[in-house]
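Some notes on the structure that comes next.
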Amino acid sequence: MSEQTKPATGLETVRLTKSFGGVRAVDEATIAFRDGQINALIGPNGSGKTTFFNCVTGMIKPESGSVLFRGKEITGHPPHRIARGGIGRSFQLCRIFPRMTLLENLLVAVRPTGLRQLLAPSREAGAIERARGLLVRVGLDHLENAEAGAISYGQQKLLELAGVLMSDPDTIMLDEPAGGVNPSLIGRIGSLVRELNAEGKTFLIVEHNMEMVMSLSDHVVVFDRGRPIAEGAPSVVQEDPRVLEAYLGV
Amino acid sequence: MRNASDTEERVGGGVDAPRAGGGFTLPGWSRPAGLAVAVALVLLFPELVPNAYVLSAGVIVASYACTATAWSFMGGFTGYVSLGHAAFFGLGAYGTGILIRDLSLQPFLAWLLSGLIVLVITIPIGIAALRVRGASFVIVSISFVLILLLVFQAWEDFTGGANGLNVPRPFADLYRPDHHRIFFYLFVALLAVMLLTWWVVDRSRFGAGLKAIREDEDKAEALGVPTRDYKLAAYLISATFTAWAGGMYALWFGDLDPIFQFSILLGAYMVLMALLGGVRHLLGPLVGAVVVGTALEYFKLEYGDTQLHLVFTAVLLGVVVLFMPDGVIPAAGALLRRLGPQQSSIREITAEELLERNRAAAAVGGDADGRGGSGVDGSRDGEEDGR
Amino acid sequence: MAKRRRRAVSWAAALSASVLLVTACSGDPRGGDEDVVLIGVSLPLTGDFSEPGKGVQRGYEAWVESVNRDGGLLGRRVELKILDDQSAADRVVQDYEALIALHEVDLVFGPFSTRLVIPSARVAEEYGMLFVEPAGAANEVFEQGFENLFYAAPAIANDHYDHLADHILSLPEDERPQTVAVASMDDPFAQSTAYGLRDRLREGGLEIVVDEEYPPNTTDFSSIAAKINASGADMVVGGTQYQDAVNIIVQLRQLDYQPKLAAFSTAPTNPEFSAAIGSRTEGIVSPTGYTPDAPYPSNVEFVELYREMFGTPPAEDEANAYTTGQVVAAAVEAVGCAEQGECQERLVDWLHENEVETIVGPLSWDGQGRPEGAHLIQQYVDGEIRIVLPGETGEAEFLYPKPEW
Amino acid sequence: MDGTLIFQSLVLGVLLGGLYAILAAGLTLYFGVMRVVMIAHAAFVILAAYLAWWFHDKTGIDPLFSMVFTVPLFFGIGILIQRVLITRLRPATLTMMSVLLTFAIALLIEGLLGLFWSGTQRRVQLSYSGSNFEFFGARIAVVKLIAFGLAVVSLALLFLLLKKTRFGLALRATIQHREAAQLVGIRTDRVAGVGFGLGLATAAVGGTALSLDATIYPSLHWSWIGPLMAIIVVGGLGSIPGTAIAALVLGVGQSLLQVELGTTWAQTVFYVALFVTLMLRPQGFFGGRLAQRF
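Chains as they are written, first to last, in my numbering: chain A, 91 to 340; chain B, 134 to 520; chain C, 24 to 428; chain D, 51 to 344.
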């Protein structure tokens, strides 16, 4: 397989297609994201970014085309397998378990292996330690026993990110990490992403906040009507006339 | 179970820092002492009753407690409401009877085996029921009872058909009150095993995964929880325990009839009891069974000559679903909290409410995906695809 | 912590509430009245069998009225304690449990419908109570090994059609119906009647061309009717209760099927039967264990009393219930006791050894409680249901072949 | 096997399938607009049949005319159920809790029917209940044909309403993509209410049709809800044409199987079909993906 000879390529899609009621939300999208980078996926509203996300993470079964991770076909795998394969994701409208405490939210992501592990207490010391470490990292450690439904939206976004990190994925897909969050928290999320990237995590971020996208990402893919129309370094993409056209609808 | 001291120490940082626990504390001995008293009351029950009838009613309530707790392994942990658990009850009961009749097995061996057979039968049922999320589970759960009713009525050579099946008594020559006493303890023992299992699952990683499914299945799956396998496992545990409760009932009661073993109403009682007591709590279904079971027995004895009990069950179920879907325990707790000395800021909120709220927040933020929140929808559509 | 406390509190509350409830239903039920013979019975006053259940209730009430007018049992006034079992087996058991253990009745009478008789008879047996019942006619009732059970009617279900079978088989070969279609509800009583006849006719050389069975809750009979019609059977036998017979007949008429002989159990004796099938009743045959016109002295009394109380002549269910009362009363008066305990054993022994005069004639039982008699055959003749067989007691000539419906 | 018997069964199966179709159409409609599995649908069908019987019993007028009252009444009740009860439920647990809620409604109807009219089986007594005519060697009962006609006409009306009217468009949009429908200005809650009303109106029509040639009793709805649920799954949840086809296929299947297997075993055809559908094609055999086609 030729893909395997290019180690730089982590996640890629080939002619990925999904339609809803006759409308093609993702239309033969072929994109390759590079490992170790912060990739951004931008595009106007309704351009199919979230559907693309859902197809990649297995939440939706694509009609045709394939998704490859490190050269291996993962198309149509159930989401939990994709997650276990090393791709973590957040949701556009941040999803956490509101009636669990912050700590419990993280403990869900601990993966049992084997039956004994399955029935072992979820509040096992090692896992708790790890979870507390992550809460410290996202700055929520003082709230570990609060119910997640009661903390602020921005804090929930941080919690969700911590939850994704709990299983130590190589590639992290964030759907609008800055959406609906106040500017100071945006900064915190941004610096976290940068830190994690420095530790070797690959990121794929869907975002509307251009300031964040441009300052954060190494590589930008512009999406319109279900397919990529341009890609490259942020500065290059910014100048691309097709991008302006797509955004302004000229 | 939350660690209270952690809460006390750590809360207090954030602006909106709420606490999982309320403010007041109870002396440390009250819990074990309360439990000991309750256990003693249950164990002494057969000695305290004034006559054999009340004892037999106690056996019935104990069997209800078993079924409601068994139901809750699925309905409580994962939030998947099965209206058809009577199917497993009936299968367990008939299985026990048929094994004794055809293989002349020792009654309790037959009982044990019958539960395991139900476990095996449930595997394909569970796989089919859990193919499509939500709706199909409900449809399959009800259909399963209805189909078994038909089969057990029609397959006369094997099941005795509409004429029913007689299960020989495991303890012959006992006076009826003694028979009741033994079975009261047997049901209580079965219940104890279930509660112990519940306790182990509740604090396990498996249990954490199940509860995550109840809260937000997509999210749980995205975090790597193998949701289908977990749901199936919970379903199997639930079905097997229900079957054992049914088998025990068969040994106690003696006469099986398809119409009454595979009755929708029995399944409805399980749901009502578990929900009323509260499915998030270890003892919730048990409390629900004691309350509803006793009330049912009393109502039927006193006002049996009308269909009022059906109306009563319906209204109660409606009220529980509409006004206290988490059961009386949280509802009573909320009341207690309101009356209590300290106001707490806990808001109980579900994943979807949160999503709504977040959607609003995001909209204010300005940049919600214009395709009408296709993120949420995409995944909803995914449900129908039955991965 | 609060959560725990909340939990503990509500749990304790629930527990104590239920203890209260339990003790509430266990208050002294007898009210200390020693001059009363309290008789417990559970009946399906609601549910699938509520109509016949209410008939049985009226029969019991008529009997109580009659006994009390004559000064009661052993000089004590008779009272009934009736519980509703909603036609449910689990209920009937709890009811008898409550009647015997909680209400401490002196005697029990049987419930309605064979499927409820067996579980309730077991309760009575295990409390050592005499169990005379008006409805459990199917053979399996008597195969359970009950020693305290007696069926208070002339014949068990399998023998209901004996006179009809005798008559058909006595006809010359070329006049007999040659082919028979049988459809029966999957109910012990209905099946026993129909299969009793079916087996006798088969042994007699008739061909059974359709043999269908349907569960009690069936309402769509079109395909059963289609099958019967396609077979072109000369004779149709229905092991039916009430509504299923009506449905089968309507469906058969929709297919324009015209048999030479049509026999249905139970339904044709129902007063609404004629209107329900569009008044095309002529020639339909049914067995009955009772006729209001029977000449036995106590029957004349019963019919009169029943008319006075309810305004209509009694039907079979009412009569069987009344007979139950008569049987128990005979034993009580002869033995001289009516209470729980050792007395019940003596009542049982007495009934095994003696014959009782009743409104359906003299009854006696074999060791398992089977009555040793036969049923009459009635038929709609000139728009009214009349006894036609056996010939010597018949009120009209047996109509064969049956006119079109 | 006998050819006429098979043809007769086929005819009976088609007539029965028509009735199944209209009854299941309502059930699939609720699911389409609200993602609600309406367990009480069959209970409402039986209620309508009771009202038809009662109407005929009291007035002597043909039970068909009871629809003048029951159809608007049920339509109103449907809107009320959706607006007052279903919308109270939390969206997250809607599917599960609505099942319980409608289940409670079903029990309530069953209990009330029992209280008012007792558990006795009832049947409308019509002068033409036994009337029939020949059709290529098979016999067709007039009452069954009327019921079938009623089902076909109301299904056609429903189909036209959904296909040709503005409201129908709004309803289909709501079924296919609720949020998108909201975005283009459709008041989806109102549409869902009317959708519920329509569903319940079909129950009134179906119940009246049923009453012409069936025996009814309060707990009868349980033997209808199972087959109906199986039909909507096989037909593809939310798809009305799929439902209609599935209803006919299964109705005929049941009728033909009855010849060989007897009534009880034949009824299991629904559940076998349900099971096979979920195992092989959970999106249904005739409807395609959820409500994409009408």
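Glycine included, C-beta positions come from ideal geometry on N, C-alpha and C. Values in this document were obtained by computation on a predicted structure and should not be read as measured data.
Mind checking if residue i is an interface residue toward chain C, Cβ cutoff 8 angstroms exclusive?
i	result
L83 (chain B)	Nothing about residue 83 (chain B) can be read from this structure; chain B reaches only from 134 to 520.
L324 (chain B)	no
Y205 (chain B)	Strictly speaking, residue 205 (chain B) in this sequence is Ser, with Tyr absent from that position. So no, S205 (chain B) is outside the interface.
L434 (chain B)	yes
G180 (chain D)	yes
S189 (chain B)	yes
Can you tell me whether DSSP reads residue i as helix, strand or coil?
i	result
Q9 (chain C)	Any property of residue 9 (chain C) remains undetermined from this structure, which presents chain C solely from 24 to 428.
S109 (chain A)	strand
Q342 (chain D)	Bear in mind that a pLDDT of 35 at Q342 (chain D), under 50, signals an unreliable position, so the number given afterwards is only what the model happens to contain. The answer is coil: DSSP assigns Q342 (chain D) none of H, G, I, E or B.
D107 (chain C)	strand
K162 (chain A)	strand
G223 (chain A)	helix
L328 (chain D)	helix
I89 (chain D)	coil
F123 (chain A)	strand
S154 (chain A)	strand
F395 (chain B)	coil
Are any of the Cβ atoms in chain D nearer than 8 angstroms to that of residue i?
i	result
V429 (chain C)	Missing from the structure shown is residue 429 (chain C); chain C here goes from 24 to 428 and no further.
E279 (chain C)	Here residue 279 (chain C) turns out to be Asp, not Glu, going by the sequence shown. By this cut-off, D279 (chain C) is an interface position.
T304 (chain C)	no
Measure from the C-beta of residue i to each C-beta in chain B and report whether the shortest distance is under 8 angstroms.
i	result
L125 (chain C)	yes
P239 (chain C)	yes
G155 (chain A)	no
From the DSSP output, read off the bridge partner residues of residue i.
i	result
G261 (chain C)	C:A206, C:F287
S309 (chain C)	C:Q401
L130 (chain C)	C:I62
L389 (chain B)	B:L298
I295 (chain A)	A:A130, A:L264
F313 (chain A)	A:P318
Can you name, in chain order, every residue of its own chain whose Cβ lies under 6 angstroms from the Cβ of residue i, other than the five neighbours on each side?
i	result
I370 (chain B)	F206
A299 (chain C)	V269
V299 (chain D)	none
Using a Cβ-Cβ cut-off of 7 angstroms (strictly less than) and excluding sequence neighbours within five positions of residue i, which residues of its own chain qualify?
i	result
P163 (chain C)	Pro is not the amino acid found at residue 163 (chain C); the sequence shown has Glu there. Excluding sequence neighbours, E163 (chain C) sits near P211.
T165 (chain A)	P152, S156, V157
C526 (chain B)	Summary: the structure shown does not reach residue 526 (chain B), with chain B confined to residues 134 through 520, and so no result is reported for it.
P195 (chain C)	none
F395 (chain B)	A219, A220, G223, V278, L281, L282, F285
G387 (chain B)	N299, V300, R302
Can you tell me whether residue i is buried or exposed, with buried defined as 16 or more other CB within 10 angstroms of its CB?
i	result
N377 (chain C)	exposed
M329 (chain D)	exposed
E149 (chain C)	buried
I295 (chain A)	buried
V146 (chain C)	buried
W86 (chain C)	buried
F246 (chain D)	buried
I256 (chain B)	exposed
R314 (chain B)	buried
E84 (chain C)	buried
I111 (chain D)	exposed
Might you give, ordered along the chain, the residues of its own chain that have their beta carbon closer than 8 angstroms to the beta carbon of residue i, omitting 5 neighbours on each side?
i	result
P238 (chain C)	M208, D209
C366 (chain C)	V358, C360
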